[in-house]
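Let me begin by presenting the structure, written as structure tokens, before commenting on it.
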């Protein structure tokens with residue numbers, strides 16, 4: 043390939059968030075010539091957005107805590123759909139991974155006797171999250187970033203990987219990328235490749251994810267022939283800000299409802315009273331009068347319906363919007379301003395108040411918030427071997443949000459930062475061991491490279507079509523409306539249909555201008571990945587005819603523990619088409635099963 | 304009408320003057336676009352990108368003030384585009400958005416910030432004491448507070464952009480680390496566990512003396528880090544102490560501990576070449592641990 047810049051490494055790591063950086067540190071420590079490639083500048087990854095903490099059973103605050111308790115919490119939170127071995131390794135190894143960050147300069151908040159302070163979080167039995175105020179993700183990322191710089195890892199910034207390469211035997215042996223700055227192509231040859239590309243939020247209209255969350259790694263794996271699992275399991279927050287644009291994607295804590303906030307539709311109706319299911323009737327107020335007395339007297343009155351479980355609230359919001367009673371931008375109103383004095387709100391919800399004031403000039407003491415279901419995290423992902431992080435295609439590994447299994451059907455807060463560290467490291471080891479077991483030089487197949495670069499350039503030849511931005515918006519609308527927080531068969535089938543059309547539109551978009559730093563072109567390439575991932579999510583959602591964790595079916599509101607609770611939805615490409623099949627979950631050994639029996 | 308175009312300010316038209324061009328030159332291009340309520344500058348830039356200028360180059364990631372990607376100069380004032388609300392600007396007048404002036408242009412609003420990454424590589428990293436097996440670090444909150452302030456840094460490089468030592472004197476970049484990295488060096492110097500003395504390095508290789516504390520860096524910091532007061536001034540004091548403290552000098556004489564010259568600090572850090580490191584590790588590890596492929600089940 044005379045005209046294309048080519049590099050040769052032992053290990054190529056795609057994605058420089060927490061998982062990619064941790065993998066790189068480990069691979070390099072194993073003596074591997076390691077390349078780390080990222081789509082943005084180093085240090086900008088979505089990891090910086092994590093606030094709460096790193097879950098690790100160190101027992102600094104509650105000495106009763108240990109890995110078994112953490113394991114049990116994780117499996118229960120994941121509705122038992124987790125890969126048990128991943129959950130076990132994660133619970134066992136995360137304390138060590140956190141302490142290691144201190145060796146690299148991290149400064150966590152402290153207990154009075156000088157240890158790492160740990161905080162409580164939903165679903166965790168003990169205070170377990172090591173943290174730094176509300177910017178733990180930034181601390182984690184900076185720490186591994188500094189470490190990676192200190193050990194001299196080669197970082198290739200602002201480089202988008204378009205496709206993976208493989209040898210005659212089907213083993214992954216490199217990738218073709220695109221320098222965003224110059225628009226020129228680059229080839230990385232490698233004995234093994236680690237995907238650490240994060241999430242898929244950008245296929246939804248409302249998401250807390252940054253622009254990079256376009257499912258690149260999921261799609262790269264899929265196109266390379268690997269299996270994905272449980273792509274239908276996506277965590278949505280029922281009350282994310284959807285308007286104004288400056289605040290879109292910000293999550294509004296449940297505390298706003300706990301402190302008196304109510305949900306209203308466009309007719310100013312407090313609609314939650316229409317959605318109290320029989321199951322919760324006994325404990326939920328059925329009149330406004332009763333509900334409003336609960337805040338001050340929780341003993342004699344029943345809870346307001348705004349405080350029903352997350353999925354009940356989500357289902358109600360979804361129904362109002364679909365019935366045409368939503369707010370102007372496709373959500374509903376969350377109103378605390380008319381309910382509490384400005385002074386009360388500022389005192390009880392100080393960080394919410396300041397965040398909205400500063401970011402969006404929204405005064406939550408004066409105006410209602412416009413909120414709706416917001417995509418936050420995907421539990422599903424590349425199917426991996428728990429111990430080595432190996433995907434189902436030889437030479438390919440995955441860690442972090444892009445890998446599936448660890449979190450089952452629902453992720454506990456704090457478990458993703460620990461996931462990055464534990465499985466980032468394991469992927470580094472797994473990929474190194476694999477690379478050491480291969481012999482001979484990496485042979486790049488020029489025909490594959492040629493095909494990939496021609497495909498990427500073809501978008502410049504499509505004249506007169508829509509641009510990638512409008513096709514992307516169409517995809518986001520389809521996914522938000524039909525494969526969102528509450529799903530039903532007819533809508534999912536409609537989505538499947540629409541995705542066929544969207545696949546064609548995504549392939550046909552025109553790109554204007556030239557190759558140098560051209561976001562319209564980059565989006566066209568990201569869009570192919572998003573469409574592929576959207577197909578996997580939709581197919582998985584159609585076949586999982588139950589409600590479990592981050593997958594809620596209106597038409598199958600209950601979990602099916604006997605059958606569907608014991609299988610993974612596996613999506614892969616067969617004969618050029620994405621298809622889905624089900625496979626049994628790995629069986630948990632008896633000594634771990636016991637943890638769930640004795641816990642009652 | 305799509306829901307996106309409803310809003311109270313639809314009558315008004317924004318006149319956005321965005322810098323378009325590359326290293327060979329460029330000019331402000333004006334885009335007229337209807338105003339919408341509740342937007343930040345980055346939202347408007349994105350709408351222009353989606354509707355009028357799909358190839359407009361701009362960096363951004365989190366759009367929540369946490370990643371520091373979208374630094375620019377808005378009406379000449381350095382700021383994050385995602386944290387500058389349109390309601391704080393006079394929208395009757397044209398609004399200009401230009402790339403950071405302190406760095407070479409790549410295209411449109413995107414600049415070459417590689418200088419910062421090069422400086423980062425030259426900083427001797429954290430060096431902790433050796434722990435015994437099973438031992439953990441103990442630090443008090445009051446001792447980590449100082450370092451934590453600097454670790455809030457989102458690396459938007461606005462402080463580097465406005466620092467007049469380099470903004471107007473490109474050649475100073477060789478010998479000057481800039482405010483972001485003085486904050487990083489201060490963080491390491493004040494880290495309760497760090498064992499390396501970087502004080503003379505700070506003045507002799509990172510050019511701390513060139514800073515004459517005009518506080519421009521502190522003023523633009525979106526994280527509100529007191530770069531001048533809490534990082535640069537204390538660093539300057541420590542550098543002076545390292546050079547002229549007669550008690551410390553006597554102590555070193557008596558204990559035989561060497562002066563922390565830049566040369567021996569650098570030696571302690573000793574960044575070998577990548578190849579050296581790799582060869583050393585290979586020699587040590589690969590031979591003693593036979594590695595397996597671990598993946599032949601596929």
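Protein chains in written order, with my numbering: chain A, 43 to 642; chain B, 304 to 601. Backbone N, C-alpha and C fix where the C-beta goes; we use that ideal spot for every residue, glycine too.
With DSSP collapsed to three states, give me the class of residue 343 (chain B). Secondary structure of residue 343 (chain B) (DSSP, three-state): strand.
Could you check which residue in B:476, B:317 and B:534 has the C-alpha nearest to that of residue 396 (chain B)? In terms of Cα proximity to residue 396 (chain B), the closest of B:476, B:317 and B:534 is B:317.
Cα separation between residue 354 (chain B) and residue 321 (chain B)? Take the alpha-carbon of residue 354 (chain B) and the one of residue 321 (chain B): they are about 14 Å apart.
To the nearest angstrom, report how far apart residue 493 (chain A) and residue 334 (chain B) are at their CA atoms. Taking the CA atoms as reference points, residue 493 (chain A) sits about 38 Å from residue 334 (chain B).
Please list, in chain order, the chain D residues whose beta carbon lies closer than 9 Å to that of residue 464 (chain A). In the displayed structure, chain D is absent; the protein chains listed are A and B.
Output yes if chain B places a C-beta closer than 9 Å to the C-beta of residue 107 (chain A); else output no. By this cut-off, residue 107 (chain A) is not an interface position.
Which same chain residues, not among the five before or five after residue 398 (chain A), have their C-beta less than 6 Å away from its C-beta? Within the same chain, 404 and 406 come within 6 Å of residue 398 (chain A) by CB-CB distance, once the 5 residues on both sides are set aside.
What three-state label does DSSP hand residue 576 (chain B) in the structure shown? Since pLDDT at residue 576 (chain B) reaches only 42, below the 50 mark, its modelled position is unreliable, and the value read off the structure follows with that caveat. For residue 576 (chain B), the three-state secondary structure derived from DSSP is coil.
Could you tell me whether the Cβ of residue 86 (chain A) comes closer than 9 Å to any Cβ of chain B? Yes, residue 86 (chain A) lies at the interface with chain B (some Cβ there is under 9 Å from its Cβ).
Apply the 10 Å Cβ neighbour rule to residue 356 (chain A) and answer buried if 16 or more other Cβ atoms are within range, or exposed otherwise. Around the beta carbon of residue 356 (chain A), 16 or more other beta carbons sit within 10 angstroms, so the residue counts as buried.
Taking 8 Å as the cut-off, does the region 372–383 of chain A touch the region 405–423 of chain A (at least 3 CB pairs, one atom from each stretch)? A contact exists between the region 405–423 of chain A and the region 372–383 of chain A.
Leaving out five residues on either side along the sequence, give the residues of the same chain with a beta carbon under 7 Å from the beta carbon of residue 491 (chain B). Closer than 7 Å at Cβ, skipping near neighbours: 429, 497 and 501.
Buried or exposed by the 16-neighbour rule on C-beta atoms within 10 Å, applied to residue 635 (chain A): Residue environment analysis places residue 635 (chain A) among the exposed positions, since fewer than 16 neighbouring C-beta atoms fall within 10 angstroms of its C-beta.
Got a sec: is the Cβ-Cβ distance from residue 577 (chain B) to anything in chain A below 9 Å? The predicted model places residue 577 (chain B) with a pLDDT of 43, which falls under 50 and marks its position as unreliable, so this point remains unresolved.
Give a yes or no on whether the minimum CB-CB distance between residue 642 (chain A) and chain B is below 9 Å. Summary for residue 642 (chain A): the model assigns pLDDT 47, below 50, so the residue's position carries little reliability; its value from the coordinates is reported in the next sentence. Among the CB atoms of chain B, none fall inside 9 Å of the CB of residue 642 (chain A).
Compare the C-beta of residue 537 (chain B) with all C-beta atoms of chain A and state if any pair is closer than 9 Å. No, residue 537 (chain B) does not count as interfacial toward chain A.
Proximal chain A residues relative to residue 454 (chain B), where beta-carbon distance stays under 7 Å: The answer, in chain order, is 149, 181 and 184.
Buried or exposed by the 16-neighbour rule on C-beta atoms within 10 Å, applied to residue 371 (chain A): The residue in question, residue 371 (chain A), is buried, as its Cβ has 16 or more Cβ neighbours within 10 Å.
Per DSSP, what kind of secondary structure is residue 421 (chain A) in: helix, strand or coil? The answer is coil: DSSP assigns residue 421 (chain A) none of H, G, I, E or B.
Roughly how many angstroms lie between the CA atoms of residue 551 (chain A) and residue 517 (chain A), to the nearest whole one? Looking at the two C-alpha atoms, the distance is approximately 13 Å.
Could you tell me which uninterrupted alpha helix (DSSP H) segments, each at least 4 residues in length, are contained entirely in the region 582–639 of chain A, listed from first to last along the chain? Entirely contained in the region 582–639 of chain A, the alpha helix (DSSP H) runs reaching 4 residues are, in chain order, 632–639.
Pick helix, strand or coil for residue 104 (chain A), following the three-state DSSP scheme. Of the three classes helix, strand and coil, the one that applies to residue 104 (chain A) here is coil, per DSSP.
I think residue 96 (chain A) touches residue 456 (chain A), with their Cβ atoms under 8 Å apart; what is that distance to the nearest whole Å? About 6 Å separates the two Cβ atoms, so the contact holds.
Distance cutoff 9 Å, beta carbons only. Does residue 126 (chain A) sit that close to anything in chain B? So no, residue 126 (chain A) is outside the interface.
Spatial neighbours of residue 457 (chain B) within its chain, please: C-beta separation below 8 Å, excluding the five flanking residues on both sides. Counting only Cβ-Cβ distances below 8 Å, and skipping sequence neighbours, we find 368, 369, 370, 371, 525 and 526.
How big is the Cα-Cα spacing for residue 99 (chain A) and residue 182 (chain A)? Those two C-alpha atoms are separated by around 17 Å.
So what's residue 432 (chain A) in DSSP terms, helix, strand or just coil? Per DSSP, reduced to three states, the secondary structure at residue 432 (chain A) is strand.
The alpha helix (DSSP H) enclosing residue 60 (chain A), as first and last residue numbers: Per DSSP, residue 60 (chain A) is one residue of the alpha helix (DSSP H) stretching across 60–71.
To which residues of the same chain is residue 409 (chain B) closer than 8 Å at the C-beta, ignoring the five residues directly before and after it? Within the same chain, residue 409 (chain B) has close Cβ partners 325, 326, 360 and 415.
Thinking residue 368 (chain A) and residue 494 (chain B) are a contact (beta carbons under 8 Å), I'd like their distance in whole angstroms, please. In fact, because the Cβ distance is near 51 Å, the residues do not count as touching under 8 Å.
Rounded straight-line distance, which links the Cα of residue 82 (chain A) to that of residue 637 (chain A): The alpha-carbon atoms of residue 637 (chain A) and residue 82 (chain A) are separated by roughly 43 Å.
Does chain B have any CB closer than 9 Å to the CB of residue 157 (chain A)? By the rule that beta-carbons nearer than 9 Å mark a contact, residue 157 (chain A) touches chain B.
Give the range of the alpha helix (DSSP H) segment to which residue 336 (chain A) is assigned. From DSSP, the alpha helix (DSSP H) with residue 336 (chain A) extends over 330–336.
Report yes if the C-beta distance between residue 583 (chain A) and residue 544 (chain A) is below 9 Å; otherwise report no. Against a cut-off of 9 Å, the Cβ pair of residue 544 (chain A) and residue 583 (chain A) comes out as no contact.
Looking at the strands, I want to know which residues DSSP matches up with residue 207 (chain A). Per DSSP, A:216.
Answer with buried or exposed for residue 433 (chain B), where buried requires no fewer than 16 other C-beta atoms within 10 angstroms of its C-beta. Flag for residue 433 (chain B) reads exposed.
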